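**Student:**
There are 2 protein chains.
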Amino acid sequence: MQPITSRQREVLDYIAGFVDRNGYPPTLREIAGHLKVSGTLGVMKHLDALEQRGYLRRQSGSSRGIILAGRTAQTASIPVAGVVRAGLPQPAIEDIEDRLAIDCSLVKGGTFFLRVRGDSMINAAVMDGDLALVRPQATAENRDIVVAMVDGEATLKRFYRCEDHIRLQPENPGMEPIIVRNGEGEVAIVGKVVGIYRPLD
Amino acid sequence: MQPITSRQREVLDYIAGFVDRNGYPPTLREIAGHLKVSGTLGVMKHLDALEQRGYLRRQSGSSRGIILAGRTAQTASIPVAGVVRAGLPQPAIEDIEDRLAIDCSLVKGGTFFLRVRGDSMINAAVMDGDLALVRPQATAENRDIVVAMVDGEATLKRFYRCEDHIRLQPENPGMEPIIVRNGEGEVAIVGKVVGIYRPLD
DNA sequence: GATATTGGTTATCATTTGAAAACCTATCAT
DNA sequence: ATGATAGGTTTTCAAATGATAACCAATATC
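Dropping the structure here:
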């Protein structure tokens, strides 16, 4: 990130704190009040400078339209999906059961929770009923745990790409892998599993 | 939480999504636009209803002054502890590795994360390196997974209280339970495990 | 010395926005 | 039938808010 002046840092820190305390960003005048300056032009200039250097984005014309870079919100509210339908380019999520807030360091893009059904990943310590944190993406690396669409249903499998086929391997000795040879059939990767959460209470 | 109508649910979901996308809440008119209604009074009534039922708070007179319950306030920043020391009445936590934000529906009191070491709970699908969400309490119910102090170290075990002894059962066939007869020795329960989180990225 | 850059003042203006009044229309339980 | 409740329209108003103009001053930088 490009360097900023101490005054600009002051503005940035105030905005970040304000968002934490209130859940929404301050107005120009609220910032001005904190800086103990009158008028909004000085504030505008600071915001312009911070925007140019990539520290925030502004929604012009909109009150409180300040978006801090790297923290759409410090915590994101993640939908918990019961069913995932593979629509392209973005998978549509149906049956949103609930929402959970989670740390943004774990979240990018349209991440969502998917409730795991079945025991196909039991050897990876993923149980029926767990919540899989899924980051949508159409491709995967070997050994990634992915959500893939098979027969219109979303399943969790470990992903392997070989020379002439793709293998979706369950982590359950009693279950057979799904093998799709190149050119035969299609594997729709919905996303990669980046976390597992299991409420026990 | 008190029940709300489907229309009110629609408003609440829209606000939650808006905050996620933009980092700040919508105005009354933005909500009205989404509901495809003209005028702001209908929206005001929904917000009033939602506020009365505790789903949000409003900052009157302030634009975008909507604070969702379960966000700013109800998202807690939880310490991730590397080591737990059994001090009474509250266990002290040393070596705070990090902090994670998590939904408050899962959090009460001084809840904290503890990094799991070892495979003692492998059959309960808890792996080495997982983060156990621990709610501090000195007692437990049968079959609860608890954090207990044994030889000055915190371990995860399943808790059983029988007539004349307490048994701390590992969920690992290769490990022996710890049995403490009434009057002989002491079992210090640090807390109950109310969730498991495993980052995979 | 010329000239950016940063940070500021005061004042003004057009919009955006929250709030409210007056009134309408279903639905549902008493 | 008769309210209560949820949900809505149109209109209006005052306050909050972003934007901009005209201008000032200190501090670098070339």
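From first to last, the protein sequence lines are chains A and B. FYI, in this note's numbering the residues of the first sequence are 19 to 219. FYI, in this note's numbering the residues of the second sequence are 19 to 219. No residue lacks a Cβ here, since even glycine has one placed at the ideal position from N, Cα and C. Being a predicted model, the structure only gives us computed values, none of them experimental.
(1) With 8 Å as the threshold, decide whether the Cβ of Ala172 of chain B is near any Cβ in chain A.
(2) Can you tell me which of the three DSSP states Ala9 of chain B falls into?
(3) With DSSP as the reference, label Ile49 of chain B as helix, strand or coil.
(4) Please confirm whether Gly72 of chain B and Pro217 of chain A have their CB atoms less than 8 Å apart.
(5) Using a C-beta cutoff of 8 Å, does Ala50 of chain A count as contacting chain B?
(6) With a threshold of 8 Å between beta carbons, is Ile214 of chain A in contact with chain B?
(7) Are Asn141 of chain B and Glu194 of chain B close, meaning C-beta to C-beta below 8 Å?
(8) Counting only the same chain and skipping the five closest in sequence on each side, list residues whose C-beta sits under 6 Å from that of Gly209 of chain A.
(9) For Arg103 of chain A, would you say it is in contact with chain B, using Cβ-to-Cβ distances shorter than 8 Å as the test?
(10) Starting from Gly60 of chain A, trace the alpha helix (DSSP H) both ways and give me its first and last residue.
(11) Does DSSP classify Ala142 of chain A as helix, strand or coil?
(12) Let me confirm a value: Thr23 of chain A is counted as buried when at least 16 other C-beta atoms fall within 10 Å, else exposed. Which label applies?
(13) Should Arg176 of chain A and Arg161 of chain A be called a contact, given that it needs their Cβ atoms to be closer than 8 Å?
(14) Can you tell which of B:His183, B:Pro191, B:Gly192, B:Tyr215 has its C-alpha closest to the C-alpha of Glu202 of chain B?
(15) In the DSSP assignment, find the beta strand (DSSP E) that holds Leu149 of chain B and state where it starts and stops.
(16) Between the Cα of Val144 of chain A and those of A:Tyr215, A:Thr58, A:Phe36, A:Val29, spot the shortest distance and give me the residue it belongs to.
(17) Could you confirm whether any beta carbon from chain A is found closer than 8 Å to the beta carbon of Gly41 of chain B?
(18) Please report how far the alpha carbon of Arg75 of chain A lies from the alpha carbon of Ile85 of chain A, in whole angstroms.
(19) List the residues of chain B whose Cβ lies closer than 7 Å to the Cβ of Arg82 of chain A, in chain order.
(20) Against chain A, with Cβ distances strictly below 8 Å, would Pro97 of chain B count as a contact?
(21) For Leu53 of chain A, decide whether its Cβ has a neighbour in chain B, counting only Cβ atoms nearer than 8 Å.
(22) Leaving aside the five residues before and after Pro191 of chain B along the sequence, list all residues of the same chain whose C-beta is less than 8 Å from its C-beta, in chain order.
(23) Between Ala150 of chain A and Phe131 of chain A, how many whole angstroms is the CB-CB distance? I'm expecting something under 8 Å.
(24) If I'm right that Tyr42 of chain B touches Arg82 of chain B with Cβ under 8 Å, what's the distance once you round it to whole angstroms?
(25) Quick check on the burial criterion: 16 or more other C-beta atoms within 10 angstroms. Buried or exposed for Ala99 of chain B?
(26) Leaving out the 5 sequence neighbours to the left and right, which residues in its chain are closer than 6 Å to Ala67 of chain A when beta-carbon positions are compared?
**Tutor:** According to the structure shown:
(1) no
(2) Residue 9 of chain B lies beyond the range of chain B shown here (19 to 219); nothing can be said about it.
(3) helix
(4) With respect to Pro217 of chain A, Gly72 of chain B sits apart: the two C-beta atoms are not nearer than 8 Å.
(5) Residue contact check for Ala50 of chain A against chain B: no CB pair falls below 8 Å.
(6) yes
(7) Result no, Cβ atoms of Asn141 of chain B and Glu194 of chain B do not sit closer than 8 Å.
(8) Val152, Arg153, Pro154, Gln155, Val165
(9) With a pLDDT of 39 at Arg103 of chain A, under the threshold of 50, the predicted position of this residue should be treated as unreliable, and no value is reported.
(10) 59 to 70
(11) helix
(12) exposed
(13) In contact: Arg176 of chain A and Arg161 of chain A (Cβ atoms closer than 8 Å).
(14) B:His183
(15) Run containing Leu149 of chain B: 149 to 154, per the beta strand (DSSP E) assignment.
(16) In terms of CA proximity to Val144 of chain A, A:Tyr215 leads the group A:Tyr215, A:Thr58, A:Phe36, A:Val29.
(17) yes
(18) 5 Å
(19) Tyr42, Ser81, Arg82
(20) For Pro97 of chain B, the predicted model reports a pLDDT of 49, less than 50, meaning its position is unreliable and no value from the coordinates is stated.
(21) no
(22) Asn141
(23) 7 Å
(24) 6 Å
(25) Note that Ala99 of chain B scores 48 on pLDDT, short of 50, meaning its location in the model is unreliable and no value can be drawn from it.
(26) Gln26
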